[in-house]
Amino acid sequence: MTATEYKAGSNLEKVLSSGKFAVTGECGPPKGADVTVIEEKAKILKGYVDAVNITDNQTAVVRVCSMASGYTAQQNGVEAIMQMTCRDRNRLAMQADILGASTLGLKNILCLTGDHLSFGNHPQARGVHDLDAINLIKMYRDMRDEGKFQCGEEMTVAPPLFIGCAENPFADPFELRALRLKKKIEAGADFIQTQCIFNVPKFKQWMEEVRALGLHKEIKILAGITPLKGVGGARYMQKFVPGIDVPQDIVDRMAVPEKGAPQQAEGKKIAVEMIKEFTEIEGVAGVHIMAIEWEIAVPEIVEAAGLMPRPAVA
Amino acid sequence: MITAERKPLDEILELVGDKKKVLVAGCDTCVAICLTGGEKEAEILASELRIKAEQEGREVEVEHTAAIRQCEWEYLDMIADKVEQADVVLSMACGIGIQSLAEKFAPRLVMPAVNTNMLGMPQEHAVWLERCVACGECRIGLTGGICPVVRCSKSLMNGPCGGSHDGLCEVTGPEKEEIECAWALIWERLKAQGREELMFTDRPPKDWSKSSSGGPRKMVREEAKPV
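Residue numbers (our numbering), protein chains in the order written: chain X, 526 to 839; chain H, 9 to 235.
1) Using a Cβ-Cβ cut-off of less than 8 Å, list which residues of the region 742-770 of chain X approach chain H; keep chain order.
2) Give me whichever residues DSSP pairs with Thr124/H in a beta bridge.
3) Are the region 543-552 of chain X and the region 697-712 of chain X in contact at 8 Å, needing three or more beta carbon pairs?
4) Mapping DSSP to helix, strand and coil, what is Phe687/X?
5) If distances are taken between C-alpha atoms only, which option among Phe803/X, Val586/X, Asn724/X comes closest to Ala650/X?
6) Where Val735/X and Val562/X are concerned, what is the direct C-alpha to C-alpha distance, given to the nearest angstrom?
7) Step through the CB atoms of chain H and report whether any lies within less than 8 Å of the CB of Asn660/X.
8) Is the separation between the beta-carbon of Glu47/H and that of Ala12/H shorter than 8 Å?
9) For the region 736-812 of chain X, which segments carrying the beta strand (DSSP E) assignment without a break, of at least 3 residues, lie completely within its bounds, in sequence order?
10) Identify whether Gln600/X lies in helix, strand or coil by the three-state DSSP scheme.
11) Does the beta-carbon of Leu6/H have 16 or more other beta-carbons within 10 angstroms, so that it is buried, or is it exposed?
12) Once the 5 residues before and after Lys729/X are set aside, which same chain residues still bring their CB inside 8 Å of it?
13) Does the distance from the CB of Gly557/X to the CB of Ile579/X come in under 8 Å?
14) Any beta carbon of chain H sitting closer than 8 Å to that of Ala528/X?
15) My output table needs one value for Asn633/X: the three-state DSSP class, helix, strand or coil.
16) Checking 8 Å against the spacing of the C-beta atoms, do Ile744/X and Ala712/X come in under that value?
17) Determine, for Gln720/X, whether the minimum Cβ-Cβ distance to residues of chain H falls below 8 Å.
18) By the criterion of Cβ-Cβ separation under 7 Å, what are the contact partners of Thr638/X in chain H?
19) Can you give me the Cβ contacts of Arg669/X inside the same chain, cut-off strictly under 7 Å, excluding the 5 residues immediately before and after it?
20) Could you give the first and the last residue of the continuous beta strand (DSSP E) run that contains Asn578/X?
21) May I ask you to verify whether the region 97-107 of chain H touches the region 181-199 of chain H, counting CB pairs closer than 8 Å and requiring at least 3?
22) In chain H, what lies closer than 8 Å to His654/X by C-beta?
23) Answer yes or no: does any C-beta atom of chain H fall closer than 8 Å to that of Arg616/X?
24) Leaving aside the five residues before and after Lys754/X along the sequence, list all residues of the same chain whose C-beta is less than 6 Å from its C-beta, in chain order.
25) Go ahead and label Cys146/H buried or exposed: buried means 16 or more other beta carbons lie within 10 angstroms of its beta carbon, across all protein chains shown.
26) I need the DSSP call for Met833/X, collapsed to helix, strand or coil.
27) Got a sec? Which residues, its chain only, sit under 6 Å from Leu23/H by beta carbon, not counting five neighbours each side?
28) Can you tell which of Pro224/H, Met227/H, Ile41/H, Lys28/H has its C-alpha closest to the C-alpha of Glu132/H?
29) Answer with buried or exposed for Ala232/H, where buried requires no fewer than 16 other C-beta atoms within 10 angstroms of its C-beta.
30) With H, G and I counted as helix, E and B as strand and the rest as coil, what does DSSP make of Glu186/H?
31) In chain order, what residues of the same chain have a beta carbon less than 7 Å from the beta carbon of Ile20/H, not counting five sequence neighbours either side?
32) Could you list which residues in chain X have their beta carbon closer than 7 Å to that of Val178/H, in chain order?
33) In chain H, which residues lie with their C-beta within 8 Å of the C-beta of Leu704/X?
34) Listing by chain order, which chain A residues have their CB less than 8 Å from the CB of Asp95/H?
35) Taking the alpha-carbon positions, what's the Phe546/X to Ala810/X distance?
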């Protein structure tokens, strides 16, 4: 593929287009006007991931915005995937922000609905939800491909974007999940990162449905991984986090007698095994490693999974 | 129907302030049916205010009344005498009734004694569920008669988010009650109707200019206007 054929020409797009197994990471910006947090996280991940997600007020908690943090990550050598939620912005703000992000050199965008306000630190806020994630994907696709705003007006310069979405193979109704991905592809999504996977058989079942619909040929699928840091976290996610499916055998494996390093080692081992398993699944184009506040574990996991060095694509 | 909940007594007392002649004005339509602001409830609030005044040694005259519908001029005429004698009127009608009363008798002081909260459906005795936000662009013909704008916590138009589990929404209601996932309900309804394909049609962004985002709305039925 020549450079002109890329939609955005981001590193992530190039790696995925080359057919190499992609690796993305995730960074949460800090709760304060502090540039060093993203700088530090970027330094840890540099060279180990092809791009890094920068979360957008994740769990509805106010943080440094994803555009500024994405810019900081890129200044520090890691390409950003700017997350954008429909919860905090209307269509004007979402278009203005993507144009602004584009002028700062951000090319990858992940379109999300956003965690509900009731989970966050401003539950009294007014949720926007002017568009939903599928409307958002289509709006950005039309901006990129047609050079048009959502209202139909033409813009002067269209933003080059590589458009991503999320999907949760473990949410209900399960029978809708692959079909919902199809809807996102039709809206214009180029890549998809899944919710973190612990239930591998169920993920495989979802992938079977995805392949049956031929969707893996139309979109790059990155399987979500969250390395577990301890058995407490595993139990918490199993019980309390909606949409995350942690099977008992994973919890049992994490229950090694000593907390701290031994449990962390088991968590990393599980992550590495899963990644290796995912590389074997037809249609899985990469992994998305969400080491929440544990970025330091990522280089070791990527190395152990045999995914180093990361490809250098021109 | 429009539903409302009475404000806490302390807040009502603050709104009344040091006024000596208080009229509690109920409305015998929606707020009466939801047991919040009909004549009976107006009478109860009037009694509470009298008792409170007596306990605190204040001299206050409290009367009560109710309009058949506080949102219509002609029914307000029927309570005009009482309203005109009051220093402050505590309206127990919905936001429409309160404002009609305030406009009709302006600049008389009219205070809300209730919080209007939703367009609700009576699910069972004394339980109401929100069913409409009057968005001005009804699309439930495409969603099996179930409104995702109001029943999905994120007003999604294109199917369930990743937080839908066992037919429930990831959001828990203010009273800690479970909320049904609107899109799980829509999917089941569409399947029962044999219209599954509607789940996968692209639903473009809503036109919110038809809702309150477009500014205060006005409806005129020219054909029904008197000649």
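The beta carbon of each residue, even a glycine, is placed where N, CA and C say it ideally should be.
Looking at the coordinates:
1) Pro767, Gly768
2) Ala12/H
3) no
4) strand
5) Val586/X
6) 38 Å
7) yes
8) no
9) 745-750
10) helix
11) Outside the shown range of chain H, which is 9 to 235, sits residue 6/H, and nothing can be said about it.
12) Ile806
13) no
14) At Ala528/X the pLDDT is 49, less than 50, meaning the model places this residue with poor confidence and gives no usable figure here.
15) strand
16) no
17) yes
18) Lys162, Leu164, Cys169
19) Lys532, Ala683, Pro684, Pro685, Leu686
20) 576-579
21) no
22) Lys162, Ser163, Leu164
23) yes
24) Gln789, Gly792, Trp819
25) exposed
26) coil
27) Met119
28) Ile41/H
29) exposed
30) strand
31) Leu98, Ala121
32) Correcting the residue type first, residue 178/H is Glu in the shown sequence and not Val. Going along chain X in sequence order, the residues near Glu178/H (Cβ under 7 Å) are His641, Pro767, Gly768.
33) Met207, Phe208
34) No chain A appears in the structure shown, which is made up of the protein chains X and H.
35) 5 Å
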